[in-house]
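All remarks here apply to the structure that follows.
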Amino acid sequence: MMKNPTNRRVFLLQAATVAGGTLVLHGAAHAQAANMVSEKDATAIALGYSADATKVDTKKYPKYAAGQKCAGCQLFTGKAGDAAGGCGIFPGKMVAASGWCSAYVKK
Ligand code: SF4
Numbered sequence: 001m002m003k004n005p006t007n008r009r010v011f012l013l014q015a016a017t018v019a020g021g022t023l024v025l026h027g028a029a030h031a032q033a034a035n036m037v038s039e040k041d042a043t044a045i046a047l048g049y050s051a052d053a054t055k056v057d058t059k060k061y062p063k064y065a066a067g068q069k070c071a072g073c074q075l076f077t078g079k080a081g082d083a084a085g086g087c088g089i090f091p092g093k094m095v096a097a098s099g100w101c102s103a104y105v106k107k
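Listed below in structure tokens is the structure:
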């Protein structure tokens, strides 16, 4: 027998919310993986796109400065804190927030 039905209701609501949130997150992660710009994409190669800005070839791209990444670029259309987002250079695709390419323009 439940001593406090209100607590049980709150718990069930929280459990349902967490389960729903997990589903949404899984869906978003899946969509992102399918839509991510590949470093082997012709435009990505031409612009030296790297999904990990810390791995940029600084000899080839001396304009790269530590700390620069897609999340801080004017062309990044994702929200602050997003792991990936759109980019004007790669229509219909997502770039990693921690990525970088030579078209980088500081926000
Ligand atoms: S243009 Fe900016 S947001 Fe797009 S890939 Fe290059 S650095 Fe990232």
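Read in the working numbering, the sequence shown has 27 at position 27, and its numbers run on one by one without any break.
From the three backbone atoms N, C-alpha and C, an ideal C-beta is built for every residue, glycine too.
Taking C-beta to C-beta, are Lys79 and Cys87 nearer than 9 Å?
Not a contact, by the Cβ cut-off of 9 Å.
Mapping DSSP to helix, strand and coil, what is Gly72?
In the structure shown, Gly72 sits in a helix (DSSP, three-state: H, G or I).
Please confirm whether any heavy atom of ligand 1 lies closer than 8 Å to the CB of Ile45.
Outside the cutoff, so no.
Beta-carbon contacts of Ala96 that lie in its chain and below 6 Å, excluding the five residues immediately before and after:
Only Ala51, Ala84 meet the Cβ criterion.
Can Phe90 and Val56 be called in contact, C-beta distance under 9 Å?
Their beta carbons are not under 9 Å apart, which means Phe90 does not touch Val56 by this criterion.
Measuring straight from C-alpha to C-alpha, what distance separates Gln68 and Ile45?
Here the alpha carbon of Gln68 sits roughly 18 Å from the alpha carbon of Ile45.
Answer with buried or exposed for Lys107, where buried requires no fewer than 16 other C-beta atoms within 10 angstroms of its C-beta.
Exposed: under 16 other Cβ atoms inside 10 Å.
Need the endpoints of the alpha helix (DSSP H) that Ala84 sits in, please.
No alpha helix (DSSP H) contains Ala84, which is instead part of the beta strand (DSSP E) from 84-86.
To the nearest angstrom, report how far apart Gly81 and Glu39 are at their CA atoms.
Using only the alpha carbons, I get a separation of about 22 Å.
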